[in-house]
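Student: Structure provided below as structure tokens; questions to follow.
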Amino acid sequence: MIVRHSETRTHFEPSVKFYRTIALSFLFITIVLLGLIIFITSKKASIVILAKEDAKTANLSINVGAGGTVGAIKGVVTTSIFTGSEKFYPTTFDSSESVATGEVIIYNKSNVDQALVKTTRFLTPEQVMFRLSERVNVPAGGQVIAPVYADRAGASSEIGPAPFIIPGLSEDRQKFIYAESKSAMTGGVKKNGVLTATDLATAEKSYQEKVKQKFVSQAVAPAEGMSLVVVVLSTNATADHKVGDTIAEFVLSGESRVVAVWYETSALKEMVAREIGSQVDLELEKVVTVSGEPQITLSAQDVDAGTAQLSVSQEARVTLDSDGSKVAPRQFLDKTKEEIERYLLGLGHVSAVDVKFSPSWMRKSPSVPDNIKVVVKQVK
Numbered sequence: 001m002i003v004r005h006s007e008t009r010t011h012f013e014p015s016v017k018f019y020r021t022i023a024l025s026f027l028f029i030t031i032v033l034l035g036l037i038i039f040i041t042s043k044k045a046s047i048v049i050l051a052k053e054d055a056k057t058a059n060l061s062i063n064v065g066a067g068g069t070v071g072a073i074k075g076v077v078t079t080s081i082f083t084g085s086e087k088f089y090p091t092t093f094d095s096s097e098s099v100a101t102g103e104v105i106i107y108n109k110s111n112v113d114q115a116l117v118k119t120t121r122f123l124t125p126e127q128v129m130f131r132l133s134e135r136v137n138v139p140a141g142g143q144v145i146a147p148v149y150a151d152r153a154g155a156s157s158e159i160g161p162a163p164f165i166i167p168g169l170s171e172d173r174q175k176f177i178y179a180e181s182k183s184a185m186t187g188g189v190k191k192n193g194v195l196t197a198t199d200l201a202t203a204e205k206s207y208q209e210k211v212k213q214k215f216v217s218q219a220v221a222p223a224e225g226m227s228l229v230v231v232v233l234s235t236n237a238t239a240d241h242k243v244g245d246t247i248a249e250f251v252l253s254g255e256s257r258v259v260a261v262w263y264e265t266s267a268l269k270e271m272v273a274r275e276i277g278s279q280v281d282l283e284l285e286k287v288v289t290v291s292g293e294p295q296i297t298l299s300a301q302d303v304d305a306g307t308a309q310l311s312v313s314q315e316a317r318v319t320l321d322s323d324g325s326k327v328a329p330r331q332f333l334d335k336t337k338e339e340i341e342r343y344l345l346g347l348g349h350v351s352a353v354d355v356k357f358s359p360s361w362m363r364k365s366p367s368v369p370d371n372i373k374v375v376v377k378q379v380k
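Residue numbering for the sequence shown follows the UniProt record's numbering, beginning at 1 and increasing consecutively.
If you want it as structure tokens, here you go:
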């Protein structure tokens, strides 16, 4: 007889507690991830950079030629002889005594005309005497203005407005006929100019500059859009007085050899702009302004060949570019305040840095560029 046993397998059915554990685990993980996301996204950094302007100077040599060859600009080089004369004045003076002069008003309060001859004396209360320069007739009840001169030479006769008596008249007539001055007497001391070697040397330098100015004022451009540089190569000028002469003025006359270089203005400015641009770090800097016109001097010339070389200097004001890649937020990811400050202060144009983290207890900046705000402020 065969005995058969049957076995019944029971299936595992998770309990409610099991499902609760799984749910709580997922909830915990979700909360942790959510907290982590909130923490990461709430981290913020504010970086304020105080930037200053600095000067950059572009210095370059530019060749000028009729053909406008490679590396040169088109232009015209000429030479000419310029003649002229200029007036100058001494700066050294000698003093000498002279006779002060002026005017007085003569009053006649009587009813009889009064004639006064030339050299009639006029005396102040301080006993300073002047004399009439010409004969006058003072009508009864009237007055006249007459020129007078000091009886003695020197500074003592340079007096201010004063009353005068006329000693040559009787005491009774002096009560009715008298004079006064309304302005100071001048000329008691004369300054005489003396031509010195220094005056002459200074005048010769000034003469060359005036020759340049006159030449420029009369020059006509060979074509539109061209500018001019002028240099006086030599001058042969003579003065109409010699050193040591007493003069009021002197004149220099002579001939000057002048070289004129006409060049294309726009072409030169383009070359200067390129040179300035080559000195600017496009990842960090920007040009704020270009200071005035370029300073241009003639450094070499060959009139026969029709060529010249110009020395050009142009100053530009440059500062930090807030859009530059070197100050972009991505440069400051996961950095400490010290690292950020050290990096920025090592750049050009930065005068100060203020770094703030939020929350304040953060030790490093966010790892997300959008959470970093960079502000550039310009200071004078």
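By construction, the Cβ of each residue, glycine as well, lies at the ideal position given by its N, Cα and C atoms.
1. Comparing alpha-carbon positions, which option in 250, 326 and 273 lies nearest residue 281?
2. Does the Cβ-Cβ distance between residue 247 and residue 90 come in under 8 Å?
3. Apply the 10 Å Cβ neighbour rule to residue 379 and answer buried if 16 or more other Cβ atoms are within range, or exposed otherwise.
4. Could you tell me whether any Cβ in chain D is nearer than 8 Å to the Cβ of residue 369?
5. Helix, strand or coil for residue 319 per DSSP?
6. Assuming residue 182 contacts residue 161 under a Cβ cut-off of 8 Å, what Cβ separation, rounded to an integer in Å, is found between them?
7. What does the Cβ neighbour count give for residue 199, buried or exposed, with the cut at 16 atoms within 10 Å?
8. Are there 16 or more other CB atoms within 10 angstroms of the CB of residue 313, so buried, or fewer, so exposed?
9. Which word fits residue 335, buried or exposed, when buried means at least 16 other C-beta atoms lie within 10 angstroms of its C-beta?
10. Can you check which of these residues, 25, 17, 27 and 43, is closest to residue 369 by C-alpha distance?
11. Among 101, 29, 210 and 316, which has the Cα closest to the Cα of residue 156?
12. For residue 265 and residue 219, I'd like the C-alpha separation in whole angstroms.
13. Exposed or buried, what is residue 365 when buried is set at 16 or more other beta-carbons lying within 10 Å of its beta-carbon?
14. Applying the 10 Å Cβ sphere with the 16-neighbour rule, what's the burial state of residue 92?
15. In the DSSP assignment, what are the bridge partners of residue 262?
16. Would you say the stretch 254-262 touches the stretch 70-77, given that touching needs at least three Cβ pairs under 8 Å?
17. Taking residue 384 as the reference, give the member of 55, 63 and 30 with the closest Cα.
Tutor: Let me lay it out:
1. By one-based count along the sequence shown, residue 281 stands at place 281. Cα-wise, what sits closest to residue 281 is 326.
2. The residue you call residue 247 lines up with position 247 of the sequence shown. The residue you call residue 90 lines up with position 90 of the sequence shown. Yes; because the gap between Cβ atoms is below 8 Å, this pair is in contact.
3. The residue you call residue 379 lines up with position 379 of the sequence shown. Residue 379 should be labelled exposed.
4. The structure shown contains no chain D, having only a single protein chain.
5. The residue you call residue 319 lines up with position 319 of the sequence shown. Three-state DSSP puts residue 319 in a strand.
6. Here residue 182 is taken as the residue at index 182 of the sequence shown, counted from 1. Here residue 161 is taken as the residue at index 161 of the sequence shown, counted from 1. So it is a contact: roughly 6 Å between Cβ atoms.
7. Position 199 of the sequence shown holds residue 199. The residue is buried, with at least 16 neighbouring Cβ atoms inside 10 Å.
8. Taking the first residue of the sequence shown as 1, we reach residue 313 at position 313. The residue in question, residue 313, is exposed, as its Cβ has fewer than 16 Cβ neighbours within 10 Å.
9. Position 335 of the sequence shown, counting from 1, holds the residue named residue 335. So residue 335 ends up on the buried side.
10. Residue numbering aside, residue 369 sits at position 369 when the sequence shown is read from its first letter. Comparing Cα positions, the closest option is 43.
11. As a working mapping, residue 156 is identified with position 156 in the sequence shown. Cα-wise, what sits closest to residue 156 is 101.
12. Within the sequence shown, numbered from 1, the residue matching residue 265 stands at position 265. Within the sequence shown, numbered from 1, the residue matching residue 219 stands at position 219. About 16 Å.
13. Residue 365 sits at position 365 when you count from the first residue of the sequence shown. By the 10 Å Cβ count, residue 365 comes out buried.
14. Counted from its first residue, the sequence shown places residue 92 at position 92. By the 10 Å Cβ count, residue 92 comes out exposed.
15. By one-based count along the sequence shown, residue 262 stands at place 262. BP columns for residue 262 point to 76 and 228.
16. yes
17. With the chain covering only 1 through 380, there is no way to say anything about residue 384.
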